[in-house]
Amino acid sequence: MTTTIKSTGSLTTTTVSCNPSEVNLKYLMNISKINNNSEIEYDRRMADTLMKSVLELWSTNSHCDLTIYLKQHNLNKIAYKRYRAHRFVLSSVCDSINIVKEERKFSRKKTINYVCYLDYTPNRGLELLLVYLYSSRLVLDIESVSDLLIASNELGVKHVFLRCIQFIWDYIDDLLSIDVTRIKQV
1 MTTTIKSTGS
11 LTTTTVSCNP
21 SEVNLKYLMN
31 ISKINNNSEI
41 EYDRRMADTL
51 MKSVLELWST
61 NSHCDLTIYL
71 KQHNLNKIAY
81 KRYRAHRFVL
91 SSVCDSINIV
101 KEERKFSRKK
111 TINYVCYLDY
121 TPNRGLELLL
131 VYLYSSRLVL
141 DIESVSDLLI
151 ASNELGVKHV
161 FLRCIQFIWD
171 YIDDLLSIDV
181 TRIKQV
């Protein structure tokens, strides 16, 4: 990788040429220091565009390469409910997801799919977690917080797990403060 910095008066030009296989992420993040910027600028529009594109892929079930099976206990038999997602989305966020490669052959065409089996996560919890992962919208209310807590724990999404715990603490704190004001009024 070669870096050339040319400085003429107040104008500084930076030229970076490299082999694509040699690109270092840390170097790219620090390139702003070479350009004398004090902060790295982020274009939120790019993140929004990417998020919308990935959400569109998921909502149309396009290019989903991961099937998540939720264990359902119905009387004396076990069934599985199936959800489709993108492996790259879940594996980039979930610390403890166990994804297994599964190869199938359909009429001369070999397809590679990935599967994940979840034993404890409720349907509602996984649905809320998938909505959050694909849209950045975290739905937290007292009726669904326990399901989301279980899902985020089983999949290892720590920041959602901690947000659920904080929500529960805040809810308990609000309940206790209401009771204290009632006692003071009596």
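Going by the UniProt record's numbering, the residue at position 19 of the sequence shown is 19; the numbering climbs one at a time, nothing skipped. Even glycine gets a Cβ: it sits at the ideal position worked out from N, Cα and C.
Problem - Whole-angstrom distance between T121 and residue 188, CA atom to CA atom - result: For the chain, the structure presents residues 1 to 186; residue 188 sits outside this window and is missing.
Problem - Burial state of I150 (16 or more Cβ within 10 Å) - result: Start at 1 with the first residue of the sequence shown, and residue 150 comes out as number 150. Under this definition I150 is a buried residue.
Exercise for the section: Leaving aside the five residues before and after G125 along the sequence, list all residues of the same chain whose C-beta is less than 6 Å from its C-beta, in chain order. Expected result: Walking along the sequence shown from the start, residue 125 turns up at place 125. So the qualifying residues of the chain are D147, L148, I150 and A151.
Practice task
Give the single residue among E143, V100 and I168 whose Cα lies nearest to the Cα of Y69.
Solution key: Working through the sequence shown from its first residue, we reach residue 69 at position 69. Selected option, being the one with the closest Cα: V100.
Practice task
Would you kindly check if the distance between the Cβ of T67 and the Cβ of Y134 is under 9 Å?
Solution key: On the sequence shown, residue 134 is found 134 positions in, with the first residue counted as 1. On the sequence shown, residue 67 is found 67 positions in, with the first residue counted as 1. No; because the gap between Cβ atoms is not below 9 Å, this pair is not in contact.
Practice task
Whole angstroms is fine: what's the gap from R163's alpha carbon to S96's?
Solution key: Against the sequence shown, residue 163 aligns to sequence position 163. Against the sequence shown, residue 96 aligns to sequence position 96. About 18 Å.
Problem - Whole-angstrom C-beta distance between L118 and S144, which should lie under 8 Å - result: Counting from 1 along the sequence shown, the entry for residue 144 is found at position 144. Counting from 1 along the sequence shown, the entry for residue 118 is found at position 118. So it is not a contact: roughly 17 Å between Cβ atoms.
Exercise for the section: Could you name the residues of the same chain whose beta carbon sits closer than 7 Å to that of L142, not counting the 5 residues immediately before and after it, in chain order? Expected result: By one-based count along the sequence shown, residue 142 stands at place 142. It should be noted that the sequence gives Ile, not Leu, for residue 142. Hits under 7 Å: Y171.
Handout entry: Simplified DSSP assignment, three categories, for L55
Key = Counted from its first residue, the sequence shown places residue 55 at position 55. Note: L55 maps to helix in three-state DSSP.
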